[in-house]
Amino acid sequence: MSHRKVSVIMGGTSSERQVSLASGEAVLAALTEQGVDARAIVLGPGDDALSMLAGADMDAAFLALHGKLGEDGCVQGLLELLGIPYTGSSVLSSALAMDKLKSKELFRLHNVPTPAYYVVDQDSAEQLADIHGSFGFPVVVKPRREGSSIGVSRANDLAQLTEAVELALAFDSSVLVERFVQAREVAVAILDGRVLGAIEIAPKSGMYDFAAKYTPGMTDYYMPARLPAARYRNVLNLAERAAEALDTSGAVRVDLLVTESQNEYVLEVNTLPGMTPTSLLPKIAGAAGYEFGELCLAILNGAKLHARKPERRATAEALTLPATPAAFELAEEASVVVRRYGAARRSQRSRTA
Ligand SMILES: Nc1ncnc2c1ncn2[C@@H]1O[C@H](COP(=O)(O)OP(=O)(O)O)[C@@H](O)[C@H]1O
Ligand SMILES: [Mg+2]
Numbered sequence: 000m001s002h003r004k005v006s007v008i009m010g011g012t013s014s015e016r017q018v019s020l021a022s023g024e025a026v027l028a029a030l031t032e033q034g035v036d037a038r039a040i041v042l043g044p045g046d047d048a049l050s051m052l053a054g055a056d057m058d059a060a061f062l063a064l065h066g067k068l069g070e071d072g073c074v075q076g077l078l079e080l081l082g083i084p085y086t087g088s089s090v091l092s093s094a095l096a097m098d099k100l101k102s103k104e105l106f107r108l109h110n111v112p113t114p115a116y117y118v119v120d121q122d123s124a125e126q127l128a129d130i131h132g133s134f135g136f137p138v139v140v141k142p143r144r145e146g147s148s149i150g151v152s153r154a155n156d157l158a159q160l161t162e163a164v165e166l167a168l169a170f171d172s173s174v175l176v177e178r179f180v181q182a183r184e185v186a187v188a189i190l191d192g193r194v195l196g197a198i199e200i201a202p203k204s205g206m207y208d209f210a211a212k213y214t215p216g217m218t219d220y221y222m223p224a225r226l227p228a229a230r231y232r233n234v235l236n237l238a239e240r241a242a243e244a245l246d247t248s249g250a251v252r253v254d255l256l257v258t259e260s261q262n263e264y265v266l267e268v269n270t271l272p273g274m275t276p277t278s279l280l281p282k283i284a285g286a287a288g289y290e291f292g293e294l295c296l297a298i299l300n301g302a303k304l305h306a307r308k309p310e311r312r313a314t315a316e317a318l319t320l321p322a323t324p325a326a327f328e329l330a331e332e333a334s335v336v337v338r339r340y341g342a343a344r345r346s347q348r349s350r351t352a
């Protein structure tokens, strides 16, 4: 599908706003260079996102948002209602991937190994020592719905755990306490269901925190990840299964840990991964033969609506109602509503064009 007018949506109100602006600017420049009629929509605090998206003249939205209210299905839901195809995963998949607890529950259901964990919220934090019980140390504490290592810290004893939980609770009402896994870190890129490869990440400080992620020179990268062939394939396969468990679409990055003792764990799936030319997903895609501009075009070409089939007219049969006159009337009403909605949108577009 080719899209005439494209909006690159960036910014947002999450703690990853600056990262999103960097992704968005890079994507906008690359799409423009590829001859796409692209412009930016920069969402910000206090903005009426619905009016901004509804009022913009676009055939597709390239999402360069990260974090809450951007990567978590909220903006995706607005675009579904407006009938504007968008890049990345569906509302449901975006929401599941953003929520590390729900992701882990699905990983377990699909036999995707993920570090052992428990959940703490504002109320239960007071009984932390009891809840922690014999869980052991060290642990990693993280907000349930954040990104870029924001609010993530390691704790080696109960005092550090209390502090770490308090920190994470500043970012979310619910936090995960996870068993610390001594391991090498690997990220896998997937594009439209095709696994592109795995990169190894070696932060010089030993912690892949916000600074190590975004400060040039603080982390070494090995592409492809330095793993024996069979293990490399295993990691790719595991990442693919993790993405399938959450039913993702488009460009996805899966974060994993691989231990010396041959165990692999999935940490999380990112449905709108960082998109600057030096981000992990573009690095992996680059090694698989995609220049940054080509990668952006490939992602754009996957833009779609997930929640409905826009061309299909409602009929009594399609609604699986009994074929009574009342049912046909109901079906007719439904299709009139759909047609009116389409007409209203078209006239709104021509007014704003
Ligand atoms: N269980 C764990 N054991 C060891 N390191 C971890 C663990 N969980 C997270 N980390 C470290 O913290 C980083 C951020 O954690 P992650 O779950 O990927 O959240 P984010 O969404 O912030 O990227 C990881 O890249 C890894 O370096
Ligand atoms: Mg991560």
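Using numbering that gives the first Met the number 0, read the sequence shown as starting at 0 and increasing by one per residue. Quick reminder that beta carbons are idealized off the backbone N, C-alpha and C, glycines included. Here the structure is a predicted model, which means the values were calculated and not measured.
beta-carbon Met206 near ligand 1 non-hydrogen atom, thresh 8 Å
yes
Can you look up Val90 in the DSSP assignment and give me helix, strand or coil?
helix
Name the two residues that bound the continuous beta strand (DSSP E) containing Val187.
Arg183 to Leu190
Could you spell out where the alpha helix (DSSP H) holding Glu32 opens and where it closes?
Arg16 to Glu32
Test item: CB-CB of Val139 and Ser173 under 9 Å:
no
Near ligand 2, which residues have their beta-carbon less than 6 Å from any of its heavy atoms, given in chain order?
Asp254, Leu266 and Glu267
Hey, would you say the C-beta of Ile149 is under 8 Å away from at least one heavy atom of ligand 1?
yes
Kindly examine ligand 1 and report whether one of its heavy atoms sits closer than 8 Å to the Cβ of Val139.
yes
Quick one: residues in its chain with C-beta nearer than 6 Å to the C-beta of Glu15, no 5 flanking neighbours on either side, listed in chain order?
His65, Gly66, Gly146 and Ser147
Quick check on this structure: which residue in Thr113, Asn262 and Ala250 has the alpha carbon closest to the alpha carbon of Glu70?
Ala250
How big is the Cα-Cα spacing for Leu105 and Pro137?
25 Å
Going by the C-beta, is Tyr117 closer than 8 Å to any heavy atom of ligand 1?
no
So, is Leu190 buried or exposed, given that buried needs 16 or more other C-beta atoms within 10 angstroms?
buried
Given this structure, state the Cα-to-Cα distance separating Ala244 from Leu100, to the nearest angstrom.
13 Å
In DSSP terms, what Val253 is bridged to:
Val187 and Val268
Quick one: what does DSSP say Thr161 is sitting in, helix, strand or coil?
helix
When burial is assigned at 16 or more other CB atoms within 10 Å of the CB, is Glu267 buried or exposed?
buried
Is the distance from the Cβ of Val5 to the Cβ of Pro112 below 9 Å?
no
Give the DSSP-derived three-state secondary structure of Glu293 in the structure shown.
helix
Out of curiosity, what's the CA-to-CA distance linking Phe61 and Ala154?
38 Å
Could you tell me if the beta carbon of Glu184 falls within a distance shorter than 8 Å of some heavy atom in ligand 1?
yes
Kindly say whether Asp171, judged by its beta-carbon, lies nearer than 9 Å to any beta-carbon of chain C.
No chain C appears in this structure, which consists of one protein chain only.
Going by C-alpha to C-alpha distance, which of Phe291, Ser260 and Asn262 sits closest to Thr275?
Phe291
Just to confirm the assignment, what range does the beta strand (DSSP E) spanning Lys141 have?
Val138 to Pro142
Check whether the Cβ of Arg178 lies closer than 8 Å to any heavy atom of ligand 1, and answer yes or no.
yes
From this set, Gly72, Leu235, Tyr213 and Lys212, which residue's C-alpha is nearest Pro223's C-alpha?
Leu235
In angstroms with no decimal places, state the Cα-to-Cα distance between Val164 and Lys141.
8 Å
Which word fits Tyr272, buried or exposed, when buried means at least 16 other C-beta atoms lie within 10 angstroms of its C-beta?
With the sequence shown as reference, residue 272 is identified as Pro, and Tyr is not the correct amino acid for it. With 16 or more Cβ atoms within 10 Å of its Cβ, Pro272 is classed as buried.
Cβ of Lys99 versus every heavy atom of ligand 1: is any distance shorter than 8 Å?
yes
Can you give the beta carbon distance from Pro281 to Leu294, rounded, assuming they're within the 8 Å contact cut?
6 Å
Identity of the residue in Ser278, Lys203 and Gln261 nearest Arg252 by Cα
Ser278
Which same chain residues, not among the five before or five after Leu195, have their C-beta less than 6 Å away from its C-beta?
Ala188, Ile283, Ala284 and Ala287
Would you call the stretch 225-235 in contact with the stretch 87-103, where contact means no fewer than 3 C-beta pairs closer than 8 Å?
no
Ligand 1 heavy atom lying under 8 Å from the CB of Glu32:
no
How far does the beta strand (DSSP E) with Glu199 in it reach, from first residue to last?
Arg193 to Pro202
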